[in-house]
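**Student:** Here the sequence shown is numbered in UniProt numbering, starting from 1 and rising by one per residue.
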Amino acid sequence: MNAYWQCFSGIVLREWLRFVLQRTRFLSALVRPLLWLLVFAAGFRAALGIAIIEPYDTYIPYEVYIIPGLACMILLFNGMQGSLSMVYDREMGSMRVLLTSPLPRTFLLCSKLLATSLISLLQVYAFLAIAWLYGVQPPAMGLLLALPALLLVALMLSALGLLLSNAIRQLENFAGVMNFVIFPLFFLSSALYPLWKMRESSEWLYWLCALNPFTHAVELVRFALYERFSPLALAVCVGLTLVFALLAVLTFNPQHAALRKSG
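1) Short check: CB of V218 to CB of C72, under 8 Å?
2) For S190, which of helix, strand or coil comes out of DSSP?
3) Report the residue from W16, A233 and T251 whose alpha carbon sits nearest the alpha carbon of T112.
4) So L155 packs on A224, CB below 8 Å; how close in whole Å?
5) Rank A140, L37, S189 and T58 by C-alpha distance to the C-alpha of A131 and give the top, closest one.
6) Here's the rule I'm using: 16 or more other beta-carbon atoms within 10 Å means buried, otherwise exposed. How should N2 be labelled?
7) CA-CA distance, P213 and L240?
8) Under a three-way DSSP split, which group does Q137 fall into?
9) Just to confirm my understanding: we take L103, look at its own chain, exclude 5 residues before and 5 after, and list those with CB closer than 7 Å. What are they?
10) Return the first residue and the last residue of the alpha helix (DSSP H) that N2 is part of.
11) Under a Cβ-count criterion, where at least 16 other Cβ atoms within 10 Å of its own Cβ denotes burial, should V39 be classed as buried or exposed?
12) Would you identify the three-state DSSP class for I130, choosing helix, strand or coil?
13) For M141, is the beta carbon positioned less than 7 Å from some heavy atom of the ligand SAM?
14) Does DSSP put E203 in a helix, in a strand, or in coil?
15) For Q137 and L13, what's the separation of their Cα atoms in angstroms?
16) Please state if the CB of L76 and the CB of F186 are separated by a distance shorter than 8 Å.
17) Is the beta carbon of S158 less than 8 Å from the beta carbon of G69?
Structure, rendered in structure tokens:
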């Protein structure tokens, strides 16, 4: 058990040092959601007041509605950023060094996912603190209850990023693949607009959003922030996290870069 803990703490420490040394990564993770909150939400406030919908008990301004979606945006981009680091580590050979450990590969890869997720949580709560100062103030207990929901969503998106990175054999292909994944996931979800507004616009667009895993991630965090529980969102997120993680572990091949270089 001591060997497992030492290995896990070493992986977490490595990710923490990488995060500390890459300060622009922290700033860039906050710039995107803050732009939506401070600029776009201000412009949309008059046109997009939100009616009474769960989990809210009253009418809410647009800024309040988009906070959970913007928090999940940070997790989404960090999950994909984590997949970039996996591709880079595979290119440089550091992942092959890590996998020389006698510990099971599943444990090593899951530790990597958990370490990435824990770093993401720091950025999310930094954003929520700024939003609190801006005037968007979920219940204090909701901020605590959202922690396990945010961690689960971070694990799900990190596992998805790892799964996608297994299919990327060159760093040059990363940007195109990630943009093809990130933007549909984010914009075809309930992060920016409630699903009933999507349904008013288009029935097929509504169903795309309703079936989007990111929608369930956003709703899980939204309900938790306001001290509510969404069984469907929880079931979807838990199920997809397990599926993505299992597929990522089964398809991971640290020899991709070596095969390409020798080819």
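For glycine and all other residues, C-beta sits at the position ideal for the given N, C-alpha and C.
Computed from a predicted structure; not experimentally measured.
**Tutor:** For this structure:
1) Looking up residue 218 in the sequence shown gives position 218. Looking up residue 72 in the sequence shown gives position 72. In contact: V218 and C72 (Cβ atoms closer than 8 Å).
2) Position 190 of the sequence shown holds residue 190. Residue state, collapsed to three classes: coil.
3) The sequence position of residue 112 within the sequence shown is 112, counting from 1. The amino acid at residue 112 is misidentified as Thr; the sequence shows Lys. Comparing Cα positions, the closest option is W16.
4) Locating residue 155 in the sequence shown gives position 155, where the first residue counts as 1. Locating residue 224 in the sequence shown gives position 224, where the first residue counts as 1. 15 Å between Cβ atoms; not a contact.
5) Position 131 of the sequence shown, counted from the first residue, corresponds to residue 131. Selected option, being the one with the closest Cα: L37.
6) Here residue 2 is taken as the residue at index 2 of the sequence shown, counted from 1. Label assigned to N2: exposed.
7) Position 213 of the sequence shown, counted from the first residue, corresponds to residue 213. Position 240 of the sequence shown, counted from the first residue, corresponds to residue 240. Going from the Cα of P213 to the Cα of L240 covers about 8 Å.
8) Translated into the one-based positions of the sequence shown, residue 137 becomes position 137. In this structure, Q137 counts as coil in the three-state DSSP scheme.
9) The residue given as residue 103 occupies position 103 in the sequence shown. Counting only Cβ-Cβ distances below 7 Å, and skipping sequence neighbours, we find A3, Y4 and C7.
10) Start at 1 with the first residue of the sequence shown, and residue 2 comes out as number 2. Its alpha helix (DSSP H) spans residues N2 to L21.
11) Within the sequence shown, numbered from 1, the residue matching residue 39 stands at position 39. When all chains shown are included, V39 counts as exposed.
12) Within the sequence shown, the letter at position 130 stands for residue 130. Here I130 sits in helix by DSSP.
13) As for the ligand SAM, it is missing from this structure, which has no ligand bound.
14) Start at 1 with the first residue of the sequence shown, and residue 203 comes out as number 203. E203: helix per DSSP, three-state reduction.
15) Walking along the sequence shown from the start, residue 137 turns up at place 137. Walking along the sequence shown from the start, residue 13 turns up at place 13. Going from the Cα of Q137 to the Cα of L13 covers about 32 Å.
16) Along the sequence shown, one-based indexing puts residue 186 at 186. Along the sequence shown, one-based indexing puts residue 76 at 76. For F186 and L76, yes; Cβs fall inside 8 Å.
17) Residue 158 sits at position 158 when you count from the first residue of the sequence shown. Residue 69 sits at position 69 when you count from the first residue of the sequence shown. Contact: no.
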